[in-house]
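Scroll down for the structure; my scribbles are underneath it.
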Amino acid sequence: MQYNIATSVSVAAATGCFTVAVFCWGFARGPRHDHFRWAAIGALADAGYCLTDAVIGGSDTWVAGIVWAARMGLVLACAHSVAWMVFLASWARIPLGRPARVIVGSNLVGIPLSVVPDLAILDGEVSERAIP
Numbered sequence: 005m006q007y008n009i010a011t012s013v014s015v016a017a018a019t020g021c022f023t024v025a026v027f028c029w030g031f032a033r034g035p036r037h038d039h040f041r042w043a044a045i046g047a048l049a050d051a052g053y054c055l056t057d058a059v060i061g062g063s064d065t066w067v068a069g070i071v072w073a074a075r076m077g078l079v080l081a082c083a084h085s086v087a088w089m090v091f092l093a094s095w096a097r098i099p100l101g102r103p104a105r106v107i108v109g110s111n112l113v114g115i116p117l118s119v120v121p122d123l124a125i126l127d128g129e130v131s132e133r134a135i136p
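So for the sequence shown, the working numbering puts the first residue at 5; every next one is plus one.
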């Protein structure tokens with residue numbers, strides 16, 4: 005694995021997201037602030053997503069690692085979306101509306117489908133593009 009600008013930015017972003025998750029979890033311990041647990045879960049999903057970007061950006065020839073990281077990135081993006089929608093509804097103290105339920109439901113379906121081989125991410129289809 006190479007350490008380059010892409011991995012540097014991704015690791016820095018993951019550190020920031022993890023910090024936000026810690027703060028949100030701390031806020032959730034306060035009275036009437038339990039909705040911040042969802043914000044913490046969303047921030048942890050973001051941190052994981054950033055780390056998958058670091059793997060993708062820093063991998064040279066580790067095709068299996070790139071494919072695995074891409075699949076986990078999709079899983080974590082879906083998890084982040086679910087956590088964000090539930091956080092916003094619980095913060096406003098309103099039930100999820102129909103559009104939000106559709107988004108949450110489609111992302112919950114997308115999570116297991118993201119790890120099915122050759123469905124969302126093709127196993128042998130990794131290409132490198134030069135950045136000018």
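Note that the Cβ used here is the ideal one computed from N, Cα and C, for glycine as well. Predicted model only: the values in this text are computed from it and were never measured.
Query raised in the report: Under the three-state reduction of DSSP, which class applies to H84: helix, strand or coil?
Result: Residue mapping note: residue 84 aligns to position 80 of the sequence shown, counting from 1. DSSP places H84 in helix when its eight states are reduced to three.
Query raised in the report: Alpha carbon to alpha carbon, how far is H37 from V106?
Result: As a first step, residue 37 is located in the sequence shown; it is residue number 33 there, counting from the start. As a first step, residue 106 is located in the sequence shown; it is residue number 102 there, counting from the start. So the two alpha carbons sit approximately 26 Å from each other.
Query raised in the report: What is the C-beta distance between G77 and T11, in whole angstroms, given that I count them as a contact (C-beta under 8 Å)?
Result: Position 73 of the sequence shown, counted from the start, is the residue given in the question as residue 77. Position 7 of the sequence shown, counted from the start, is the residue given in the question as residue 11. Wrong, their Cβ atoms sit about 14 Å apart, outside the cutoff.
Query raised in the report: Residue ranges of each alpha helix (DSSP H) run of no fewer than 4 residues wholly in the stretch 15 to 74, ordered along the chain?
Result: Counting only runs of 4 or more, we get 40 to 62.
Query raised in the report: Applying the criterion that 16 or more other CB atoms from any shown protein chain within 10 Å of the CB defines a buried residue, is W88 buried or exposed?
Result: Within the sequence shown, the letter at position 84 stands for residue 88. Counting C-beta atoms within 10 angstroms of its own C-beta, W88 has 16 or more neighbours from the protein chains shown and is therefore classed as buried.
Query raised in the report: Ordered along the chain, which non-local residues of its own chain (more than five positions away) have a Cβ less than 7 Å from that of D64?
Result: As a first step, residue 64 must be located in the sequence shown, where it is residue number 60. Correct list, in chain order: Q6.
Requested in this report: Over the uninterrupted alpha helix (DSSP H) stretch that includes R105, give me the two end residues.
Outcome: Within the sequence shown, numbered from 1, the residue matching residue 105 stands at position 101. R105 -> alpha helix (DSSP H) spans R102 to S118.
Query - Where A124 falls: helix, strand or coil (DSSP) - result: Position 120 of the sequence shown, counted from the start, is the residue given in the question as residue 124. A124: coil per DSSP, three-state reduction.
Requested in this report: Go through its chain and collect everything with a Cβ distance to V24's Cβ below 7 Å, but skip five positions before and after it.
Outcome: Position 20 of the sequence shown, counted from the start, is the residue given in the question as residue 24. Cβ within range, chain order: A47.
Requested in this report: Would you identify the three-state DSSP class for M5, choosing helix, strand or coil?
Outcome: Locating residue 5 in the sequence shown gives position 1, where the first residue counts as 1. When secondary structure is reduced to three states using DSSP, M5 falls in the coil class, being assigned neither helix nor strand.
Requested in this report: Below 8 Å on the Cβ atoms is my guess for A32 versus A44; work out the distance and round it to an integer in Å.
Outcome: The count along the sequence shown starts at 1 and reaches residue 32 at position 28. The count along the sequence shown starts at 1 and reaches residue 44 at position 40. Beta-carbon to beta-carbon, A32 and A44 are separated by about 6 Å, close enough to satisfy the 8 Å threshold.
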